[in-house]
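The numbering used here puts the last residue of the sequence shown at 593; the count rises by one with no breaks.
No residue lacks a Cβ here, since even glycine has one placed at the ideal position from N, Cα and C.
Note that the structure is predicted; figures quoted are calculated from it, not measured.
Have a look at the structure below, then the notes.
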Amino acid sequence: MPAWKVILIAVGLAMDAFAVSVGAGTSGRAVGRRAAFRLAFHFGLFQALMPILGWWLGTRVAAALAPVDHWLAFGLLAFIGVRMVRNGLAPDGAPRAGDPSRGASLLMLSVATSIDAFVVGLSLAMLQVRIWEPAAVIGVVTALMTWVGHRAGSRLRGALGRGHAPGRSSALGERLEVAGGILLILVGLNILVGHLRA
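Here it is, written out as structure tokens:
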């Protein structure tokens with residue numbers, strides 16, 4: 396798979412983690428560089444491991460699905476993308492209590508933001524793509540975007556004050572999730588068109 400496709404997939408998958416980290420930074424519940432590191436490390440780790448797990452499962456059934464693998468890859472990426480767009484356009488707005496960079500909250504957020512990466516791993520197995528490089532790129536991109544998102548959220552909180560930052564970060568997170576979903580849909584379309592033209 397070309398590097399640009401891997402990067403687009405990585406950025407698309409990292410949008411959830413980025414939005415969560417911006418929210419954590421603006422909320423004031425996860426303060427400082429240590430909190431940013433904890434979020435970046437765990438989000439990046441889970442985003443790297445989940446596609447490997449999905450790929451491992453996918454390789455067990457890839458041969459049987461070979462005739463329709465490009466349709467399945469497109470369908471999976473489009474499903475994730477559409478879901479992200481819908482979530483971004485219709486947020487639930489449910490508040491989270493406690494420090495999201497510690498304990499059970501951190502674990503649940505790490506899993507929740509990496510479920511889509513598991514499905515991407517399945518689709519890459521069907522395309523017979525070696526998983527190690529994409530998984531590493533996805534993990535590193537997610538970690539970097541999480542770090543940047545948390546630090547940006549912290550600065551936004553300082554600049555706007557406690558009363559305004561959370562609403563701004565929520566709107567930003569919604570837009571980022573929509574953008575990430577559109578990216579994944581476009582990558583899926585590119586894969587499908589490429590196979591149909593071959």
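_Exposure label - Trp527; buried when at least 16 CB within 10 Å_ = Taking a 10 Å sphere around the C-beta of Trp527, we find fewer than 16 other C-beta atoms and assign the residue as exposed.
*Classify Gly483 as buried or exposed, calling it buried when 16 or more other Cβ atoms lie within 10 Å of its own Cβ.*
Here Gly483 is buried: its Cβ has 16 or more other Cβ atoms, across all protein chains shown, within 10 Å.
*Keeping to the same chain, check which residues put their C-beta closer than 6 Å to that of Leu502; ignore five residues upstream and five downstream.*
Within its own chain, no residue has a Cβ closer than 6 Å to the Cβ of Leu502 once the five positions on either side in sequence are excluded.
*Should Ala458 be labelled buried (16 or more other beta-carbon atoms within 10 Å of its own) or exposed?*
A residue is called buried once 16 or more other Cβ atoms fall within 10 Å of its Cβ, and Ala458, having fewer, is exposed.
*Minimum C-alpha distance to Phe474 - residue among Gly589, Ile510, Phe413 and Ile447*: Among Gly589, Ile510, Phe413 and Ile447, the Cα nearest to that of Phe474 is on Ile510.
*Could you check what DSSP says for Asp464 in three-state terms: helix, strand or coil?*
Correct three-state label for Asp464: helix.
_Supposed contact pair Gly418 and Gly576 - C-beta distance, whole angstroms, cut 8 Å_ = At roughly 18 Å, the Cβ-Cβ gap does not stay under 8 Å, so Gly576 and Gly418 are not in contact.
*Since Gly449 contacts Val514 with CB under 8 Å, what's their CB separation in whole angstroms?*
About 6 Å separates the Cβ atoms of Gly449 and Val514, confirming a contact at the 8 Å cut-off.
*When the Cα atoms are used, what is the spatial distance from Met396 to Phe441?*
A straight line joining the alpha-carbon of Met396 with that of Phe441 spans about 22 Å.
*Rounded C-beta distance between Phe468 and Leu522? I'm assuming under 8 Å.*
Reading the sequence as shown, one finds Ala at residue 468 and not Phe. At roughly 5 Å, the Cβ-Cβ gap stays under 8 Å, so Ala468 and Leu522 are in contact.
_Can you give me the C-alpha to C-alpha distance between Arg546 and Lys400, rounded to a whole angstrom?_
Between the C-alpha atoms of Arg546 and Lys400 there is a straight-line separation of about 27 Å.
_Helix, strand or coil at Pro490 according to DSSP, with G and I counted as helix_ = With a pLDDT of 46 at Pro490, under the threshold of 50, the modelled position of that residue is not reliable, and no figure is offered here.
_Span separating the alpha-carbon of Arg550 from that of Ala520_ = If you draw a straight line from the Cα of Arg550 to the Cα of Ala520, it comes to about 40 Å.
*Could you tell me the distance, in whole angstroms, from the CA atom of Thr541 to the CA atom of Leu504?*
Answer to the nearest angstrom: the Cα atoms are 12 Å apart.
_Can you tell me whether Arg455 is buried or exposed? The criterion is at least 16 other CB atoms within 10 Å of its CB, across all chains shown._
Result: exposed.
*For the alpha helix (DSSP H) that contains Gln442, what are its first and last residues?*
For Gln442, the enclosing alpha helix (DSSP H) covers residues Gly427 to Thr454.
*How is Val514 classed by DSSP in three states: helix, strand or coil?*
Helix at Val514.
*Return the residue from the list Leu471, Trp466, Met445 and Thr508 that minimises the CA-CA distance to Gly589.*
Sorting Leu471, Trp466, Met445 and Thr508 by C-alpha distance to the C-alpha of Gly589 places Trp466 at the top.
*Considering only residues of the same chain and omitting the five flanking positions on each side of Val426, which have a CB-CB separation below 8 Å?*
Same-chain partners within the cutoff: Ser549.
_Near the ligand GDP: Leu584 beta-carbon under 7 Å from a heavy atom_ = Because no ligand of any kind appears in the structure shown, any question about the ligand GDP cannot be addressed here.
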